[in-house]
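Chains as they are written, first to last, in the numbering used here: chain X, 1 to 227; chain Y, 228 to 454.
2 protein chains.
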Amino acid sequence: MARLGDAGPSMQGLVLALRDITADLGFEHCSYVLRQPLPIAQPAIHWGSTYPQAWLDRYMERNYLELDPLVQRALASDLPVVWSDRSIDRLPEFWEEARSFGINHGWAVSSHGRDRGVGLLTVARRNEPVSAHELEQNEMRLLWLAHSMHGMASLLPGVAQALLEPLSLREREVLLWSAAGKTADEIGLILAISSRTVTFHINRCIAKLGAANKTEAVAKALVLGLL
Amino acid sequence: MARLGDAGPSMQGLVLALRDITADLGFEHCSYVLRQPLPIAQPAIHWGSTYPQAWLDRYMERNYLELDPLVQRALASDLPVVWSDRSIDRLPEFWEEARSFGINHGWAVSSHGRDRGVGLLTVARRNEPVSAHELEQNEMRLLWLAHSMHGMASLLPGVAQALLEPLSLREREVLLWSAAGKTADEIGLILAISSRTVTFHINRCIAKLGAANKTEAVAKALVLGLL
DNA sequence: GATGTAACTGTCATTTCTTACAGGGCGCCG
DNA sequence: CGGCGCCCTGTAAGAAATGACAGTTACATC
Numbered sequence: 001m002a003r004l005g006d007a008g009p010s011m012q013g014l015v016l017a018l019r020d021i022t023a024d025l026g027f028e029h030c031s032y033v034l035r036q037p038l039p040i041a042q043p044a045i046h047w048g049s050t051y052p053q054a055w056l057d058r059y060m061e062r063n064y065l066e067l068d069p070l071v072q073r074a075l076a077s078d079l080p081v082v083w084s085d086r087s088i089d090r091l092p093e094f095w096e097e098a099r100s101f102g103i104n105h106g107w108a109v110s111s112h113g114r115d116r117g118v119g120l121l122t123v124a125r126r127n128e129p130v131s132a133h134e135l136e137q138n139e140m141r142l143l144w145l146a147h148s149m150h151g152m153a154s155l156l157p158g159v160a161q162a163l164l165e166p167l168s169l170r171e172r173e174v175l176l177w178s179a180a181g182k183t184a185d186e187i188g189l190i191l192a193i194s195s196r197t198v199t200f201h202i203n204r205c206i207a208k209l210g211a212a213n214k215t216e217a218v219a220k221a222l223v224l225g226l227l
Numbered sequence: 228m229a230r231l232g233d234a235g236p237s238m239q240g241l242v243l244a245l246r247d248i249t250a251d252l253g254f255e256h257c258s259y260v261l262r263q264p265l266p267i268a269q270p271a272i273h274w275g276s277t278y279p280q281a282w283l284d285r286y287m288e289r290n291y292l293e294l295d296p297l298v299q300r301a302l303a304s305d306l307p308v309v310w311s312d313r314s315i316d317r318l319p320e321f322w323e324e325a326r327s328f329g330i331n332h333g334w335a336v337s338s339h340g341r342d343r344g345v346g347l348l349t350v351a352r353r354n355e356p357v358s359a360h361e362l363e364q365n366e367m368r369l370l371w372l373a374h375s376m377h378g379m380a381s382l383l384p385g386v387a388q389a390l391l392e393p394l395s396l397r398e399r400e401v402l403l404w405s406a407a408g409k410t411a412d413e414i415g416l417i418l419a420i421s422s423r424t425v426t427f428h429i430n431r432c433i434a435k436l437g438a439a440n441k442t443e444a445v446a447k448a449l450v451l452g453l454l
C-alpha cells in the first residue's frame with residue numbers, strides 16, 4: 001500500500017542502500033548511473049547519487065553527464081578507473097570543480113548488460129587516495145556491487161525497456177539476415193520463400209518494434225537482444 | 228620467442244589457468260565460451276574446456292552448443308545458474324548424457340562486454356551439490372573470474388573484432404541518426420547539411436565497415452560499440 | 001607552400017525499400 | 001466448428017537508397 005509521498009522503488013532509493021555498503025568500504029559518496037540503449041539517438045539515463053547537492057546541481061547545470069571523462073570512459077571500456085587529484089588527463093576545470101566539493105579520490109566500475117545498457121558505479125572520498133592494497137581487496141566487491149545494481153536498476157519501473165509484442169521465429173530470422181546486409185531477394189533464396197514474403201515479415205517487425213524503417217527495426221532488435 | 232609447437236596464447240591456455248583457480252573452489256571441471264557478435268548471422272564462437280574429452284567430442288558431434296540449455300540461458304539473461312541432477316527443465320537426454328560423464332552438479336555465470344560479446348563460465352563436479360553457503364561464498368569470485376576471462380579472451384589473437392579504419396565524428400553522427408530510423412533528408416535537416424552529404428557519409432561508413440548496405444553498417448557499428 | 005583529411009555538394013541511372021491493396025493454407029485450441 | 005496466430009504470395013506506385021561520375025572549401029600539419 002503506497003502512502004502519500006511514497007514514490008515507490010527508485011534509483012535514488014537503490015543508491016541510498018548502496019551508500020550503506022560503500023561506506024563500509026571507506027567511501028563517503030557513491031553514485032550509480034544507468035544508460036539504457038533506447039531511444040537510440042538519445043539514450044535514456046537514470047541515476048542516483050549521494051554526492052553533495054551543490055555539486056549535483058552544478059553537474060546538471062553544466063551538462064557534465066555529456067562531458068564527464070569518467071562517463072566517457074565507462075562507455076568506451078570495461079575496465080575500472082581509479083582517479084586522484086593528480087591523475088587529471090582531460091578537462092582540468094571539471095576535476096578542479098569536483099575537488100572544490102571534496103571529491104578528491106575515487107573509483108569507478110562499469111557494467112554492461114545483455115541489452116546494451118551501461119551502468120557506472122562510482123565511489124569517492126575527500127582524504128585518502130585509493131591504495132594498491134585497497135584495490136586488490138575491494139575490486140571484486142565493487143564489480144559485484146556494480147553488477148547487482150545493474151540488475152536491480154533494470155527492473156525499476158520506468159527503466160525497463162521490453163517489447164510489448166514478441167517477434168515470431170520467422171520474423172527474427174528475416175530480421176537477422178537483414179542485419180547481415182541481405183536484401184529481400186537474397187533472404188528469400190536463403191529461406192526458400194518469395195521475396196514478397198520476406199518483405200511481409202520485415203514489415204511486421206517494423207510495426208511490432210515501432211520503428212520507422214528496416215534500419216531502425218534492426219537497430220532496436222539488436223539493442224533489445226532479440227537477434 | 229615462440230618455440231616449435233608453441234601456439235601462443237589461446238583460449239585453451241586461459242582455461243587451463245582458470246582450472247587451477249576453480250579447483251581451489253572445489254570443482255573438477257571448468258570451461259569458458261565466448262561468443263563474439265560478428266558476423267551477425269553466424270557469430271564467432273571461441274572456447275576452452277577441461278571437461279572430459281569424450282564428453283567434448285559428443286558435445287561437438289551433436290552440435291550441443293546450439294542446444295545446451297545453459298548456453299541459451301546465458302544468452303538470454305544476466306543471472307547465474309546452478310544446476311544439479313534434479314533440476315532438469317528441458318532436454319532431459321542432454322542432462323542424462325552429461326551425468327554419464329560425471330557432470331552432475333555445476334554452476335554457470337555469464338558476462339556481457341560492451342561489444343555485445345557474451346561469455347559463459349561454467350564449473351562442474353561429480354559428487355557434491357552446490358550448497359547455499361557455497362553460493363554465497365563464491366558468487367562474487369565466479370563473477371570476477373567470468374569478467375576477467377572475458378577481458379583476457381577478448382584480447383586473444385583471432386578473437387578481437389575491431390575496426391581497421393575508425394569512423395569520423397560526422398560518420399558516427401549520420402549513422403546514429405540512421406539507426407534511429409531517419410532518412411537522409413531528415414538527417415540533412417537535423418545536421419543542417421544537404422541530404423546528398425548525408426548519403427556521402429553513409430557510403431563511407433558502409434565502405435569502412437565492410438557492409439553491404441546501410442542496414443548492415445548500422446548493425447555492425449552497434450555491435451562494435453561505435454554508436 | 002604542399003599535403004592530407006574531413007566535410008561538403010551536385011546529377012543521374014539503377015536497385016531496393018516501403019506501403020497500399022487482396023487474399024490462401026496450416027495447425028492449435030476452446 | 002470457429003477463431004486465432006503464423007506463414008505464405010501476388011500487383012503496383014511512390015519513396016528512398018545505392019553507386020558512380022565530378023568537383024569545392026576549411027583546417028591542421030609538415
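Ideal Cβ placement from N, Cα and C applies to all residues, glycine included. Fair warning: this is a prediction, and the values are worked out from it, not measured in the lab.
Inset, instruction - Measure how close the beta-carbons of A407/Y and P39/X come, nearest whole angstrom, since I'm counting them as under 8 Å. - result: As a working mapping, residue 407/Y is identified with position 180 in the second sequence. As a working mapping, residue 39/X is identified with position 39 in the first sequence. Here A407/Y really is in contact with P39/X; their C-beta atoms are around 7 Å apart, less than 8 Å.
Legend entry - Of the listed residues S110/X, Q137/X and D57/X, nearest to R73/X (C-alpha basis): In the first sequence, residue 73/X corresponds to position 73, counting from 1. Here the closest residue by C-alpha is S110/X.
Legend entry - Residues in the region 7-27 of chain X having any Cβ partner in chain Y nearer than 8 Å: Within the region 7-27 of chain X, no residue has a Cβ that lies closer than 8 Å to any Cβ of chain Y.
Inset, instruction - Put I202/X into one of helix, strand or coil per three-state DSSP. - result: In the first sequence, counting from the first residue as 1, residue 202/X sits at position 202. Looking at I202/X - three-state DSSP - the assignment turns out to be helix.
Legend entry - Runs of alpha helix (DSSP H) lying entirely within the region 286-358 of chain Y, each at least 4 residues, in chain order: 296-303 and 319-327
Inset, instruction - Please go through the same chain and pick out, in chain order, the residues whose beta-carbon is closer than 6 Å to the beta-carbon of E392/Y, but skip the five residues on each side of it. - result: The residue given as residue 392/Y occupies position 165 in the second sequence. These residues qualify, in order along the chain: K435.
Legend entry - Classification of P384/Y by the beta-carbon crowding that lies within 10 angstroms, buried from 16 upward: Position 157 of the second sequence, counted from the first residue, corresponds to residue 384/Y. Looking at its Cβ environment, which holds fewer than 16 other Cβ atoms inside 10 Å, P384/Y is exposed.
Inset, instruction - Report yes or no: is there a C-beta of chain Y within less than 8 Å of the C-beta of L224/X? - result: Taking the first residue of the first sequence as 1, we reach residue 224/X at position 224. No, its Cβ sits nowhere closer than 8 Å to a Cβ of chain Y.
Inset, instruction - Please decide whether E216/X counts as near chain Y, where near means a Cβ-Cβ distance under 8 Å. - result: Counted from its first residue, the first sequence places residue 216/X at position 216. Output row for E216/X: interface = yes.
Legend entry - Contact check, L347/Y vs R399/Y, beta carbons under 8 Å: Stepping through the second sequence from its first residue, residue 347/Y is reached at position 120. Stepping through the second sequence from its first residue, residue 399/Y is reached at position 172. Contact flag unset, no.
Inset, instruction - Evaluate H256/Y with the Cβ neighbour count: other Cβ atoms within 10 Å of its Cβ, from every protein chain shown; 16 or more gives buried, anything less gives exposed. - result: Working through the second sequence from its first residue, we reach residue 256/Y at position 29. With 16 or more other Cβ atoms within 10 Å, it is buried.
Legend entry - Whole-angstrom distance between G13/X and M1/X, CA atom to CA atom: For the purposes of this step, residue 1/X is taken as residue 1 along the first sequence, with counting starting at 1. For the purposes of this step, residue 13/X is taken as residue 13 along the first sequence, with counting starting at 1. Any answer about M1/X is weak, because its pLDDT of 40 lies below 50 and its placement is not dependable; what the coordinates show is given next. Looking at the two C-alpha atoms, the distance is approximately 17 Å.
Legend entry - Buried versus exposed call for S194/X [16 or more other C-beta atoms within 10 Å across all chains shown]: Stepping through the first sequence from its first residue, residue 194/X is reached at position 194. So S194/X counts as exposed.
Inset, instruction - Let me know if E136/X comes out buried or exposed under the rule of 16 or more other beta-carbons within 10 Å of its beta-carbon. - result: Mapped onto the first sequence, residue 136/X falls at position 136. That one is exposed.
Inset, instruction - For G113/X, return the contacting residues in chain Y, with the cut-off set at a CB-CB distance below 8 Å. - result: Reading the first sequence from its first residue, position 113 is the one you call residue 113/X. D305 and H339, listed in chain order.
Inset, instruction - Please work out which residues of its chain come closer than 8 Å, Cβ to Cβ, to H147/X, disregarding the five sequence neighbours upstream and downstream, and give them in chain order. - result: Taking the first sequence and counting its residues from 1, the one referred to as residue 147/X is at position 147. Closer than 8 Å at the Cβ level, and outside the excluded window around H147/X, lie S111.
Legend entry - Sequence-distant residues of its chain with Cβ nearer than 6 Å to P279/Y (five each side left out): Here residue 279/Y refers to the residue found at position 52 of the second sequence. Closer than 6 Å at Cβ, skipping near neighbours: F328.
Legend entry - Cα-Cα separation between A250/Y and N138/X, rounded to whole angstroms: On the second sequence, residue 250/Y is found 23 positions in, with the first residue counted as 1. On the first sequence, residue 138/X is found 138 positions in, with the first residue counted as 1. If I take the Cα positions, the gap works out to 23 Å.
Inset, instruction - Taking G275/Y as the reference, give the member of L261/Y, G333/Y, Q269/Y and S381/Y with the closest Cα. - result: What you label residue 275/Y is simply residue 48 of the second sequence in a count that begins at 1. Minimum Cα distance to G275/Y is reached at L261/Y.
Inset, instruction - Check the Cβ-Cβ distances between L297/Y and every residue of chain X, and say whether any is below 8 Å. - result: For this step, residue 297/Y is matched to residue 70 along the second sequence. Chain X, which has no Cβ nearer than 8 Å to the Cβ of L297/Y, makes this no.
Legend entry - DSSP three-state assignment for G275/Y, whether helix, strand or coil: Here residue 275/Y is taken as the residue at index 48 of the second sequence, counted from 1. Correct three-state label for G275/Y: strand.
Legend entry - Buried versus exposed call for N127/X [16 or more other C-beta atoms within 10 Å across all chains shown]: Taking the first sequence and counting its residues from 1, one reaches residue 127/X at position 127. That one is exposed.
Inset, instruction - Identify each residue in the region 114-140 of chain X for which the Cβ-Cβ distance to at least one residue of chain Y is less than 8 Å, and report them in chain order. - result: R114, R116, V118, E139 and M140
Inset, instruction - Using a Cβ-Cβ cut-off of less than 8 Å, give me the residues of the region 252-274 of chain Y that come near chain X, in sequence order. - result: P266, I267 and A268
Inset, instruction - Run down chain Y in chain order and give the residues with a C-beta less than 7 Å from the C-beta of L143/X. - result: Looking up residue 143/X in the first sequence gives position 143. For the C-beta of L143/X, the chain Y residues within less than 7 Å are, from N- to C-terminus, L370, W371 and H374.
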